[in-house]
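Here's the structure we're looking at; comments come further down.
Residue numbers (our numbering): 401 to 736.
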């Protein structure tokens, strides 16, 4: 039995100046966080070797390497970012199917989440300091009315939450900014209880998966543009196993082959997803990374959901697919 724990933190921030963000702002937030952590907390801000990333708290969180990782030097990261799309007032749109930009006026709030796995929760003090520093530097689009600077924000509150039950725990609120250690975590017992509740709520054998941010998956060398269940479940199963391998003790008590066989029998009955084009640019490297994926919802039916639901519910915590540290792959599920 594994002992994986995850802590989901929701940050509420308020615009200090006018602020313009892309519809999917996860990449902008992650880029600002990476810059602040490297600038303020890393003695080798241009990057270091494996020994450095193993001991530097900032690099361990954002750029950890593990030569023994079975899928390459970069193991699954100890955190994810999740941001709802389109927070603010829409100000323009991209005509080729891409998302537009949104504007917040001073005092307007927006929220985003970070999930920390295992011992990564011990780095919460760095985040409590880094988020206000991000707000001082600014994020989003450079604006003429700010003399070419990015919009600023201030940190209002931090809550730990359990999206499977709706529980919330306030761990910081302005103006005093006193922080308490979170006690609200997701573990296997949380997942098991949520599985039983979901099974009890079913009136028919249908589950709806809500893809709340672009979900980008590769199947047999090609982008998956239709949310077929088996490849989604297989990638998710691999991701959950990877998180457990890196940030927990013990082994998962499931049979991989039998789970994939059960996933193969699941049938999609409704597909209400669409593809969105999203890109992420890096000021440091000059590279552009595609973050495109499908959003919306899809409904599936199965004869027996019992072996599959625990993995799907873990997916609501660890996210799925590529670029989860940039906000991709945020899902939720409910009985149809």
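Glycine residues also receive a C-beta, built at the ideal position from the N, C-alpha and C atoms. Keep in mind the model is a prediction, meaning the values are calculated, not measured.
Alpha carbon to alpha carbon, what distance is there between residue 705 and residue 601? 12 angstroms
In the DSSP assignment, find the unbroken alpha helix (DSSP H) run with residue 646 in it and report its ends. 629 to 647
Is the beta carbon of residue 616 less than 8 angstroms from the beta carbon of residue 522? no
Can you tell me which of the three DSSP states residue 728 falls into? coil
Are the beta-carbon atoms belonging to residue 427 and residue 612 less than 8 angstroms from one another? no
Is the beta carbon of residue 408 closer than 8 angstroms to that of residue 515? yes
Can you tell which of 552, 549, 551, 568 has the C-alpha that lies nearest to the C-alpha of residue 558? 568
Let me know if residue 656 comes out buried or exposed under the rule of 16 or more other beta-carbons within 10 Å of its beta-carbon. exposed
Need the endpoints of the beta strand (DSSP E) that residue 419 sits in, please. 419 to 422
Flag this pair as touching only if the stretch 688 to 698 and the stretch 647 to 662 have three or more C-beta atom pairs under 8 angstroms; answer yes or no. no
Selected residue, minimal CA-CA separation from residue 440, among 710, 592, 532, 650: 532
4 or more residues per run - each alpha helix (DSSP H) lying fully within the stretch 543 to 609: 588 to 601
Going by beta-carbon coordinates alone, are residue 591 and residue 710 separated by less than 8 angstroms? yes
Distance, residue 519 Cα to residue 477 Cα: 12 angstroms
Helix, strand or coil, according to DSSP, for residue 697 in the structure here? strand
What three-state label does DSSP hand residue 497 in the structure shown? The predicted position of residue 497 is uncertain, since its pLDDT is 45 and thus under 50; no value can be drawn from it.
Whole angstroms is fine: what's the gap from residue 402's alpha carbon to residue 638's? 15 angstroms
In whole angstroms, give me the CA-to-CA distance for residue 670 and residue 586. 30 angstroms
Classify residue 534 as helix, strand or coil using the three-state DSSP reduction. helix
Return the chain-ordered list of same chain residues with a C-beta closer than 6 angstroms to the C-beta of residue 486, the five sequence neighbours on each side being excluded. 423, 502
Give the DSSP-derived three-state secondary structure of residue 692 in the structure shown. coil
Can you tell me whether residue 589 is buried or exposed, with buried defined as 16 or more other CB within 10 angstroms of its CB? exposed
How many Å lie between residue 377 and residue 452 at the Cα? The first residue shown for the chain is 401 and the last is 736, placing residue 377 beyond what the model contains.
Take the Cβ of residue 726 as the centre, count every other Cβ of all protein chains shown within 10 Å, and call the residue buried at 16 or more, exposed below. buried
Since residue 624 is in the beta strand (DSSP E), which residue starts that stretch and which ends it? Note, residue 624: premise wrong, no beta strand (DSSP E); not H, not E.
May I have a chain-ordered list of the alpha helix (DSSP H) segments no shorter than 4 residues that lie completely inside the stretch 645 to 676? 656 to 664
In the stretch 426 to 467, which residue ranges form an unbroken alpha helix (DSSP H) of at least 4 residues, counting only runs that do not cross its ends? 426 to 441, 450 to 455, 457 to 463
Between which two residues does the alpha helix (DSSP H) harbouring residue 711 extend? 709 to 718
Should residue 570 be labelled buried (16 or more other beta-carbon atoms within 10 Å of its own) or exposed? exposed
Classify residue 724: buried if its beta carbon has 16 or more other beta carbons within 10 angstroms, exposed otherwise. buried
Residue 483: buried (16+ other C-beta within 10 angstroms of its C-beta) or exposed? buried
Tell whether a beta-carbon distance below 8 angstroms holds between residue 556 and residue 412. yes
Between the alpha carbons of residue 442 and residue 417, how many angstroms are there, rounded? 29 angstroms
Status (buried if at least 16 other CB within 10 Å, exposed otherwise) for residue 497: Low per-residue confidence applies at residue 497: pLDDT is 45, beneath 50, and the placement is therefore not dependable enough to give any value.
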